[in-house]
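Residue numbers (this note's numbering): 802 to 1336.
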């Protein structure tokens, strides 16, 4: 079942959603909560699952070396034009613990970006820092290429034990370079090696990384446009009820819905001798499209895709870089649908906050020659120690189940926010991977009833959240989806605070748009973000 508050509400954009169980968002805030206010006392999931938040003393004027404005100015001068988060989140973190980040200006922020989903346990969790400091204290080697070490052996045991059962007891792992993109490259190369074919099937809205092969299977046109194609790719329609590629949505009208039409189209395209698709090497898909706008793949559709690929001998690559390790309410997002992929791509949370990337695959695919995919930094021992501690704690404390419960609570709260705010076109997600799409309700809707995305409003919402001490980012088509990727240790009280700030930020952003529209000039996203402000 697709987990979308819009679908659960039985109407458009969650307008008829049931009232939120979170009292703090049922009434609009009338004042801006100060970013320096200490968050409510939290109840940890388990005694060891929540580190202490950073504490701050009285503010003092920062020295020039620590002055955030000076540091940010130097960054703008010295770093490339390709930098991203630093442009829209002009903060200088100096300390962090759990869900909280302390800036160089003395302000505290609740982090709902968490390293783009990397920090499953939040910042500097005690079990992670203990694993790292213990390894350093005993003088273990930090870099070993792909040699065996006790840290690598323990990490491998834990990771193999957590994989979907259908992968088999003889599942193989390959340690890649330190990014998810390199793991995607490895998965593509493995599938091409095994099958002898070159073409990869990929989806609209997909995001798989910025290296050549990973970028080829990514859907975002803007980052691909200046570059020559590096891999043969056939683009397939990903089911997206709110902005359905077939114009039928989630099937409330008579006839098949978008997911069923997608599966039918893919099956017929692959079997059509005049369809133009040469025999593919693999199909790659995300169980929840993150950068694509937080779009969960329907479980039934994923099962259909698995069957389509299985019957045609096409390896199925599941990109779990952002969805893995409890993020969506299951340890792996594949477990919602019950499918078993041929190859799983993993990174982000598996390294406990440090760079690490791995692919897992069925043993019969292990046909490549020694050295077929190498890399200097495949042996990041600190990441393996931190990753082992993270994987174990998520499993033992059942933080995936915690993510499912809190995610449902937050999704209900988001639907309540949307109910009285037509600028929130849709809310959706799974577990603690959530999104709210900002739209222009004054513009004409499409065939499915969706209004045009409003990237300006989304940018203002992000800026207003930052003013109020909440770190979020955007994604989706046109960058109009407000994304929430908090650590899995987020408490109920912190979740309530996130919803309250977001509701207030949306109202403030709408007011700013109205004022600037009346004045005849567009607002700047960051116009009201100033260091040292009290919010």
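Backbone N, C-alpha and C fix where the C-beta goes; we use that ideal spot for every residue, glycine too.
Remember, it's a predicted structure, so these values are computed and weren't measured experimentally.
Comparing alpha-carbon positions, which option in 1193, 1320, 1131 and 1253 lies nearest residue 965? 1131
**Prompt:** Which one or two residues does DSSP pair with residue 1368 in a beta bridge?
**Reply:** Nothing in the structure corresponds to residue 1368, since the chain is present only between 802 and 1336.
- In angstroms with no decimal places, state the Cα-to-Cα distance between residue 1021 and residue 1005. 8 angstroms
*For residue 1008, which residues does DSSP report across the bridge?*
Paired residues: none, contrary to the question.
DSSP three-state call for residue 1078: helix, strand or coil? It is coil, neither helix nor strand.
Cα-Cα separation, residue 950 to residue 1187: 14 angstroms
Quiz item: Can residue 1035 be considered in contact with the ligand HEM, in the sense that its beta carbon sits closer than 8 angstroms to one or more heavy atoms?
Solution: The ligand HEM is absent from the structure shown, which contains no ligand whatsoever.
* Where residue 1243 and residue 1090 are concerned, what is the direct C-alpha to C-alpha distance, given to the nearest angstrom? -> 28 angstroms
Just to confirm my understanding: we take residue 1252, look at its own chain, exclude 5 residues before and 5 after, and list those with CB closer than 6 angstroms. What are they? Apart from the 5 residues on each side of it in sequence, residue 1252 sits with its Cβ closer than 6 angstroms to the Cβ of 1226, 1240, 1241, 1242, 1244 and 1246 in its chain, given in chain order.
TODO: Go through the stretch 1194–1242 residue by residue and report every complete run of the alpha helix (DSSP H) that reaches 4 residues or more, in order.
DONE: Counting only runs of at least 4 residues, the stretch 1194–1242 fully encloses the following alpha helix (DSSP H) elements, listed from N- to C-terminal order: 1200–1220.
Buried versus exposed, by CB contacts within 10 Å (16 or more), residue 1026: exposed
Write down every uninterrupted run of the beta strand (DSSP E) in the stretch 1100–1170 whose length is 3 residues or greater and which is fully enclosed by it, in chain order. You should have 1117–1120, 1144–1147 and 1159–1162.
Measuring only the C-alpha atoms, how far is residue 909 from residue 1260?
For residue 909 and residue 1260, the distance between alpha carbons rounds to 21 angstroms.
On the DSSP letters alone, give me the boundaries of the beta strand (DSSP E) that residue 936 sits inside.
Careful: residue 936 lies outside any beta strand (DSSP E), inside the alpha helix (DSSP H) at 927–938.
(Q) residue 1288 and residue 899 - do their beta-carbons sit closer together than 9 angstroms? (A) yes
Is it the case that the Cβ atoms of residue 911 and residue 1228 are separated by a distance below 9 angstroms? no
Note to self: Please state whether the Cβ-Cβ distance between residue 1180 and residue 944 is less than 9 angstroms.
What the structure shows: yes
- [ ] Tell me residue 1181's beta-bridge partners as DSSP assigns them.
- [x] Bridge pairing for residue 1181: 944 [DSSP].
In the DSSP assignment, what residue or residues form a beta bridge with residue 1090? 1096
- Item | As assigned by DSSP and simplified to three states, the class of residue 1062 | helix
Go ahead and label residue 842 buried or exposed: buried means 16 or more other beta carbons lie within 10 angstroms of its beta carbon, across all protein chains shown.
Caution is warranted here: a pLDDT of 38 is assigned to residue 842, below 50, making its placement in the model unreliable, and no coordinate value can be reported.
| For residue 910, which three-state DSSP category applies? | strand
Nonlocal neighbours in the same chain, by C-beta distance under 6 angstroms from residue 1274, ignoring five residues either side: 914 and 1284
Self-check item: Nonlocal neighbours in the same chain, by C-beta distance under 6 angstroms from residue 956, ignoring five residues either side
Solution: 1185, 1188 and 1189
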